Structures are given as C-alpha cells and as structure tokens.
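Asker: Quick one: structure below, then a few questions.
There are 2 protein chains.
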Amino acid sequence: MQVKRIYNFNPGPAVLPESVLQEIQSEFMSFKGTGMSITEISHRSKAFEDVLNDAIVRIKRLLKLDDRFHVLFLQGGASLQFSMIPMNLLADGQTADYINTGTWATKAIKEAKILGKKVHVAASSEDRNFAYIPKQFQFSQDAAYVHITSNNTIKGTQWSSFPNTGNIPMISDMSSDIMSRPFNASSFGCIYAGAQKNMGPAGVCIVILREDMLKRVPTNLPSMLKYTTHTENNSLYNTPPCFSIYTVYLVMKWLEETIGGLEKMEELNQKKAGLLYDFMEKGDFYRSTADKDSRSLMNVTFRLPNEELEKKFVAEAKKNDLDGLKGHRSVGGCRASIYNAMPLAGVETLVSFMESFQKQNR
Amino acid sequence: MQVKRIYNFNPGPAVLPESVLQEIQSEFMSFKGTGMSITEISHRSKAFEDVLNDAIVRIKRLLKLDDRFHVLFLQGGASLQFSMIPMNLLADGQTADYINTGTWATKAIKEAKILGKKVHVAASSEDRNFAYIPKQFQFSQDAAYVHITSNNTIKGTQWSSFPNTGNIPMISDMSSDIMSRPFNASSFGCIYAGAQKNMGPAGVCIVILREDMLKRVPTNLPSMLKYTTHTENNSLYNTPPCFSIYTVYLVMKWLEETIGGLEKMEELNQKKAGLLYDFMEKGDFYRSTADKDSRSLMNVTFRLPNEELEKKFVAEAKKNDLDGLKGHRSVGGCRASIYNAMPLAGVETLVSFMESFQKQNR
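Those protein sequence lines, which keep their order, are chains A and B. Add 3 to a position in the first sequence, counting from 1, and you land on the number used in the working numbering. Add 3 to a position in the second sequence, counting from 1, and you land on the number used in the working numbering.
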C-alpha cells in the first residue's frame, strides 16, 4: 500500500530521503539477517561496529578529511557542544573569539561564559537583527580558536565562504548546513553538527576533531564530557545512540551513491534555493529577510505583507500538504527549510503554491 | 512475509516487545497520518508532544509517582548521570554515601570524585568480587544522598528490597531493572535509567527527580547539565532524541495494556528467572555466580566447568538462534539477560538447549 507522504519544510527534525526511510522500514524486524532489530542489537556486535565504522569512512570521504581528523558520535546535541568545546579546548586565562550571527551563536557564547571562560566577540551582526554575515573581524592576538556558526537556521543566513584566521583554528557549528556543499575542512580544529537537519534523525551529534586539538583536553574532566574519552573508544565508551547512528550511515550512503557527493548536492541545493529566492525577487509580496549576499541555501526566511497573511499562508500551505513553514517563534514570519533531502519537486510545489496564494491575497 | 526472529539475550541494547517493533515498522513512513516519519516530525509539533506527554503519564502511573516527581528524557546515558547527579545534587563540602555493588557503582563513585566531591562508601561487596548485595551499611551522619545500583548487569545481582535511609534521599541507577517490578518510589530523590534494557532503544536516559531535590541545583552550571533547565522545559530545551522517546512510549503502552502493569510483569519475570536458576541448581554443570539471596531476575550470570566449554556453549547457542549469552568481557563466563521483553518461550528454549548441551558435554 502506498502511504501518503507530504512535503516537510520543518527546520529540524526534518525531511529524510524517502529511500532511506524505506530501507529502515524494510529491515526493521531483522537487521541484515541477524534476527534482531537495529534497535535491539548489541553496540559491541560486529554488525553494529560495521555500521559505525562505515558511517565514519563515508563522512571522512564526503568531507575530504585526512587522517588527522576524528569523527565522533555524541549525545546532547550541539547544545552540549556549546559547553564541551570551551571545557575541552579553551584553557582558563586564554581567550576564544566568537562571531555572533544569531540565536545559536549567542547561546554558544553564553555557555562559554557560564564556565568562566574569556570570550571576545570578534564580530556581530546584531545591529541589524542578524540579517547578514559580518565581513569585518577583530580577532584577538592569541585566540585559542575562532568560533562561527556556518548557517543560521533561525535568521536564514549562511557563510558563503569562511574567514581566513591564519594559524588560529576555526571551530564551526555546522548543524544546519553540514554536507550541503564541499568546503576546505583543514583549517577547522573542530566541526560539530546535530544530525537532525542534514544527516539523520535527532539524538546524535557529529563532532569532528583535528588531532592537534586533543592536546588541549584537561585531565580532570568528567569522563563523558572529555573528548579523549570518546576518541580513545571510537564513540563506544558507553552505549551510543545506535538507531540514530545507523540512520546517519544510511543518509551518508544515499549522499554518496544516490546523489553522487557534495559537489552534486551543492548544485541541487543552489537550484532549489534559487527557485525560491528568484521567485520572491520578481514581486514585492514575499520579502526575503536576509541580505542578498548572506542568504542561506538551507533555510529561506521571508515575510508577507502582514502577520495576518503570514498566519493564513502557513495554515493554507499545511492544508496543501506543505508542512513546517512557520518562522521560528522568536522572529515570526515564514521559513522554508530545504535541506539536502528536500526534493526539487517539493520546492517547485511550494513556489507554485506561493504564486497562487499571492494572486488570491493581493 | 514472516521475518525470522531469534531469541536475544544481550544485556543492552536488548530485546524489545515484538508487537512494539511491528507498530514502529507499520507507521514508519507516516506517523499517525502526518505524512512524515516519526524521525522527521518537529519536536515542537502537537503530534510529538502528545507522544512525550503520554510517555510521562504512563511512567508515572506504572511507578505510582505522585505530583512531586518530574520525569525527564535526557541524553548521554546513565554514564552522564554519574556526573550530573553530584554536579546538581551534592554541594561542595557535603558528603554523599555510595554503596558499591559492582562495575557501574564503581564508575558512579569515580565520576563524583573527578568533580572533587566528598564520597563515603557506606558498604561494598568488592571483597567477594561483588557476588552479593551488602546487608550492613555505615551511613554518614549528614549524607546528601545514598546512591545505590538496584541491579548489577555485569555481576548478576539485584537488591531484593531497598535499605531504609530515613530522611536521607536515596538515588538509584535502575538502568537494568526499572519497570521490572513494583517498588515504593517515594523514598527516592532521584531514579535514573538508560532506556536500552527495559524501556526502549539506546539514546535516551529516563531521569526521575523529586521536586525537593531541585532546590539543590546550583545556578552556574552549563545549561544542558542543569536539571532545572530540563524540568522547566519538559525535556524540550533542545531537540530531544525523538525516536527513542517514541519507542519508550510504545513500550510503556505495552507494559500497561498488554502485560497489565508491574505486578504482572514481576510475576512473569520471577517465573522466567526461576526456570533458569532452578534448572541450574538441579546439577553442578552450570554454576550461578551470585549469592542466592542476591540473584538478579534480569541478568542471570553463570559459569560452566571450564572456559573452553563456556566458549563452546556461547557459540553453539548462537547457532541455535540464542544470541548474546557471553558474559561481560571484564568477568567472563556466561550471562542470560532476560529483561521484560524476553518472552517465557525464550527462556524455555534456552533451558532446553542448556539441558542438551550439558548431556553432550559432561
């Protein structure tokens, strides 16, 4: 029986590739002939370790990470990384530079400060409600790292290229755009991403650490909060979130084998975002909220002429099987999250809905 | 098509009720008619909040928790709770009492000490390799809490009744026996359990906190490590592990509606464990490692005449579709984990296999 599926524009948890969901469903009662569900098999079994290791190999291949990089699967989401990063990588007395581009960057700064760490805000776009990515930075002389948020899910902005920080390692929260395009990872000391946007379901955070960063990890941290605990145990110090890791593995397989890698993925993402932005630019009914040079290819934020129309737009879209178009509660407006797994047809359907909604509500 | 399933005696991740797995599979492509998978729906949607809240209601009803108790779904497993408990509930300078009954209790003590907290070991069964539950305790005058491990997965022991700690709140790691029997929760300030044994898949830890414990939480903790962050946000401060919570909800529903509650569950668990222990007592080929009065109903640990036979036993059992019977790598031997979801037929099959293995290998 064909199950009815809709177009899911939610910001995360978000749409997953339909073929991945079908594969999970088909082998759910017995994973690879083990007679056990993937939710039941031991994390110390060969069957599970194969999944984990293959996921790592694929992530490294997709991001062109060399042997210096460790790939970890941790719990607690990017929100716990906001604390683990300064705890592990920023010694007391040292300063870290943070670039503030919105809600999540602000939270990352807040958590570093809770730990009593020295934070320098090297740039901020708060003056215009985070509608752009800053172009001028005032880095500290001896910053331990420069922290950025590569894509701002709520504000709808994205770094189109990364700043040159010289010898200072960059750290980036890439929760909402990892795997959406190729980039040069070698200048990053740490990249982290909650899986629930571009990599899989909620419940696992991918943390990529460059070997030299591990020298900074203090000895006296709680075991679970210490990066070396996890690098030394290949993410198997304690029971990992097996099902989430398994789904990430399948999504990475889809990225490599069905999409064909990150270059192809970027092409498709540009095409999808282009459709939406180009359509909005043709009139003045829909207004993109981000500056043109800072627009996100993942989260397209926009306003309608008034809030009443925005409410009506979201409700009618939902009736037309286009879900999740409401903007974040902190900023209002509308937002279409069009992550990797959103098919082109979904964006085309949205654009034609927007067109007819506009005609009927001018 | 009927998929072949085996009997899974793994210690966790572990067997789940087959009807629960079937329900997950059947609605995997479209959760409750939303047109989205449970892995794709927003954690802020009504559909998901209904799941979360129903899981809480069922957990409270099953454990007979009154209004003072909060039920949280956190990430990081019981291993992160080893740190969060002293961080949140044990002020510097105060002492906490820990009863050491094995590997996990030892780890809990270690993590409290890493934080520089004062720990008093009120009892230990280390003298006989943790083969029993202590009966004599030396509690501190003003202990902030008494920490116990209700069931010891690796050593195969379980508290048959809990100590009387008077006004001192008890805290228990119940990862491997929560929901296996009724007990009086009101003397516990905190109960925590990684879900992957008796409640669901890996990736979520259930933390039950009594209201009065929250007064102890310091203000300056990292947000994700602070219990009040999660009690104030109903476990939705950040994206929770949605799929794991959903599965826990289904398992709780199964416990209430199919099994009929914890009294019925305990009856069945006693019957299952009884079959195994009684069979082993009839001869001297299989030797239960735990003292009789301390035996676990969840993890039945045993030895065979020699290690070679143990290896052969585990391998032949696996060939007979009885998986996961190897003891923990730190202790060796054999172990049958027979959590709630292990059907009686599974234990009967195991006993008859043990019988024939014994005949062939005397």
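Ideal Cβ positions, reconstructed from N, Cα and C, are used throughout, including at glycine. Model, not experiment: these values are computed from the prediction.
1. Is residue 361/B helix, strand or coil when you go by DSSP?
2. Cβ closer than 8 Å: which chain B residues qualify as neighbours of residue 253/A?
3. Cβ closer than 8 Å: which chain B residues qualify as neighbours of residue 17/A?
4. If you measure beta-carbon to beta-carbon, which residues of the stretch 218–234 of chain A are closer than 8 Å to chain B?
5. Helix, strand or coil for residue 3/B, going by three-state DSSP, please let me know.
6. I'd like to know whether the C-beta of residue 306/B is nearer than 7 Å to at least one C-beta of chain A.
7. Buried or exposed for residue 60/A, going by 16 or more other Cβ atoms inside 10 Å?
8. With DSSP as the reference, please indicate the residues paired to residue 161/A in a beta bridge.
9. Against chain A, does residue 8/B count as a neighbour if the rule is that its beta carbon must be under 7 Å from one of theirs?
10. Label residue 75/B either buried or exposed according to how many other C-beta atoms from any shown protein chain fall within 10 Å of its C-beta, with 16 as the threshold for buried.
11. May I ask you to list the residues that DSSP assigns as paired with residue 77/A?
12. Using only the alpha-carbon positions, how far apart do residue 119/A and residue 334/B sit?
13. May I ask which residues mark the beginning and end of the beta strand (DSSP E) holding residue 254/B?
14. Which residues in the same chain have their Cβ closer than 6 Å to the Cβ of residue 154/B, if we skip the five residues on either side of it in sequence?
15. Can you list, in chain order, the stretches of the alpha helix (DSSP H) that have 4 or more residues and sit fully within the stretch 46–114 of chain B?
16. Using beta carbons (cut-off 7 Å, strictly below), is residue 94/A in contact with chain B?
17. Quick one, are the C-beta atoms of residue 12/B and residue 340/B less than 7 Å apart?
18. Are the beta-carbon atoms of residue 364/B and residue 220/B separated by less than 7 Å?
19. Taking 7 Å as the threshold (C-beta atoms), are residue 255/A and residue 44/A in contact?
20. For the beta strand (DSSP E) containing residue 232/B, list its first residue and its last residue.
21. Determine, for residue 40/B, whether the minimum Cβ-Cβ distance to residues of chain A falls below 7 Å.
22. Please list the residues of the stretch 317–343 of chain B that have a C-beta atom closer than 9 Å to any C-beta atom in chain A, keeping them in chain order.
23. Determine contact between the stretch 7–24 of chain B and the stretch 26–36 of chain A, defined as no fewer than three beta-carbon pairs at a distance below 8 Å.
24. Identify the contact partners of residue 13/A in chain B, using a Cβ-Cβ distance below 7 Å as the criterion.
25. Could you check what DSSP says for residue 322/A in three-state terms: helix, strand or coil?
26. Say whether the stretch 190–202 of chain A touches the stretch 123–142 of chain A, bearing in mind that this needs 3 or more beta-carbon pairs closer than 8 Å, one atom from each stretch.
27. Does residue 28/B have its Cβ less than 7 Å from a Cβ in chain A?
28. For the stretch 198–211 of chain B, list every residue whose C-beta sits within 7 Å of some C-beta in chain A, in sequence order.
29. Using only the alpha-carbon positions, how far apart do residue 310/A and residue 337/A sit?
30. Got a sec, what are the start and stop residues for the alpha helix (DSSP H) residue 282/A sits in?
31. Mark residue 116/B as exposed unless 16 or more other C-beta atoms lie within 10 angstroms of its C-beta, in which case mark it buried.
32. Give a yes or no on whether 7 Å exceeds the smallest Cβ distance from residue 89/B to chain A.
33. For residue 345/A, return the contacting residues in chain B, with the cut-off set at a CB-CB distance below 9 Å.
34. If you draw a straight line from the C-alpha of residue 332/A to the C-alpha of residue 261/A, how long is it?
35. According to DSSP, what are the bridge partners of residue 10/B?
36. Closest Cβ-Cβ distance between residue 76/A and chain B: below 7 Å?
Answerer: Well, looking at it:
1. Helix, per DSSP.
2. Going along chain B, no residue has its Cβ under 8 Å from residue 253/A, so there is no contact; the nearest lies around 11 Å.
3. 43
4. 223, 224, 225, 226, 227, 228
5. The first residue shown for chain B is 4 and the last is 365, placing residue 3/B beyond what the model contains.
6. no
7. exposed
8. 154/A
9. yes
10. buried
11. 208/A
12. 42 Å
13. That residue, residue 254/B, is in no beta strand (DSSP E); its alpha helix (DSSP H) goes 245–257.
14. 161, 179, 180, 299, 301
15. 49–65, 80–92
16. no
17. In this structure, residue 340/B lies closer than 7 Å to residue 12/B by Cβ.
18. no
19. no
20. Note, residue 232/B: premise wrong, no beta strand (DSSP E); alpha helix (DSSP H) at 230–235.
21. yes
22. 324, 326, 327, 332
23. yes
24. The contacting residues are 45.
25. helix
26. no
27. yes
28. 199, 204, 205, 206
29. Answer to the nearest angstrom: the Cα atoms are 10 Å apart.
30. 265–284
31. exposed
32. no
33. Here the premise fails: no neighbours, minimum Cβ distance about 11 Å.
34. 35 Å
35. 325/B
36. no
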